[in-house]
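Please read the structure below before turning to the comments.
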Amino acid sequence: MNHKNFVNLIGFCEEDEPFTRIMVFEYAPNGTLFEHLHVKEAEHLDWGMRIRIAMGVAYCLEYMHQLTPPVAHKNLQSSSIYLTEDYAAKISDFSFWNDATAAKTGSPSMELLESQPSDPESNIYSFGVILFEMITGRIPYAVDNGSLADWASDYLRAEQSLKEKVDPTLKSFQEDELEKLSEVIRNCIHPDPKHRPTMKEIAAKLKEITSVGPDGATPKLSPLWWAELEIMSTEGSCEVNSV
Numbered sequence: 001m002n003h004k005n006f007v008n009l010i011g012f013c014e015e016d017e018p019f020t021r022i023m024v025f026e027y028a029p030n031g032t033l034f035e036h037l038h039v040k041e042a043e044h045l046d047w048g049m050r051i052r053i054a055m056g057v058a059y060c061l062e063y064m065h066q067l068t069p070p071v072a073h074k075n076l077q078s079s080s081i082y083l084t085e086d087y088a089a090k091i092s093d094f095s096f097w098n099d100a101t102a103a104k105t106g107s108p109s110m111e112l113l114e115s116q117p118s119d120p121e122s123n124i125y126s127f128g129v130i131l132f133e134m135i136t137g138r139i140p141y142a143v144d145n146g147s148l149a150d151w152a153s154d155y156l157r158a159e160q161s162l163k164e165k166v167d168p169t170l171k172s173f174q175e176d177e178l179e180k181l182s183e184v185i186r187n188c189i190h191p192d193p194k195h196r197p198t199m200k201e202i203a204a205k206l207k208e209i210t211s212v213g214p215d216g217a218t219p220k221l222s223p224l225w226w227a228e229l230e231i232m233s234t235e236g237s238c239e240v241n242s243v
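Position one of the sequence shown corresponds to residue 1 (UniProt numbering), numbered consecutively onward.
Written out as structure tokens, the structure reads:
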């Protein structure tokens, strides 16, 4: 995996004495999408920020599903979407890297990972639920003791407008985009997986609706900017000391 909207693995350390295994990932300092949607103390996400995040997730999933063989996220939800310094989306799937590492090291955790089924169709369903969560601001599993997915499915099946259910913390939103997004969500959470669109089709449709391309959805800063600044600071200090 190597996508700008994915929390990529940048290093792996293996030591036998003492036994140590360390994986180093890119850093996304602004926490998770879940926190910003549901924790009052977190930074508020306006409509434009939510759209950009959704587009980053869509482009990343499109990339994952077009790999050979396709790669599906094992547990796609708002808590597995991290946000960078400029609030771009970074999907995390540590089970993917555990899988890759276990394959190389022969770890017995491979059997556990293989017991967790996932496929592109289930990712598309989850993406639709995340879109609904971002628009309504509702917690995924706190809707009258049921799931947000079930509530969304019932609500959209009745073809009701989402305008009445928009997150009340949003001071403004684009009504024309909202109605078109409702249709995308409805298609994503279709009860028959065979009738769901592909992520390529979804990403293209969302780009048409929002006018946010891949470049607009990617982080503007390097995920290693903090390390680069530290190196520059150290080099500058060394130069001063040598004068």
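Every residue gets a Cβ at the ideal spot worked out from N, C-alpha and C, and that includes glycine.
Contacts around residue i, its chain only, beta-carbon distance under 7 Å, and the 5 residues preceding and following it disregarded
i    : result
I209 : E177, K180 and L181
P193 : E121
V7   : F25, E26, A28, Y82, K90, I91 and S92
V212 : I51, R52 and M55
S126 : L76 and Q77
Close beta carbons around residue i, own chain, < 6 Å, minus the five adjacent residues each side
i    : result
P70  : P120
R138 : L148
Y63  : H3
R50  : M134
K165 : T136
Limits of the alpha helix (DSSP H) - the one that residue i falls within
i    : result
T210 : M199 to T210
F34  : L33 to H38
E175 : E175 to C188
L61  : W47 to H65
Under 9 Å between C-beta atoms of residue i and residue j
i    : j    : result
Y82  : G48  : no
R52  : A203 : no
P214 : A88  : no
I124 : T198 : yes
C13  : M1   : no
E46  : L170 : According to the sequence provided, residue 46 is Asp. The question's Glu does not apply to it. Result yes, Cβ atoms of D46 and L170 sit closer than 9 Å.
D150 : L37  : no
H190 : S118 : no
Local conformation of residue i per DSSP, three classes
i    : result
Y82  : strand
I135 : helix
E216 : According to the sequence displayed, residue 216 carries Gly and not Glu. G216: helix per DSSP, three-state reduction.
Where residue i falls, given that 16 or more other Cβ within 10 Å makes a residue buried
i           : result
residue 252 : Residue 252 cannot be examined here, being either before or after the span of the chain that is shown, 1 to 243.
L141        : Reading off the sequence shown, one finds Tyr at residue 141, where the question assumed Leu. Exposed: under 16 other Cβ atoms inside 10 Å.
H65         : buried
R21         : exposed
S80         : buried
F19         : exposed
V184        : buried
Residue i, enclosing beta strand (DSSP E) - first and last residue
i   : result
F25 : T20 to F25
I91 : A89 to I91
L9  : L9 to E15
Same chain only: Cβ atoms within 8 Å of residue i, ignoring 5 sequence neighbours per side
i   : result
V57 : N5, I81, A89, I91, F127 and I130
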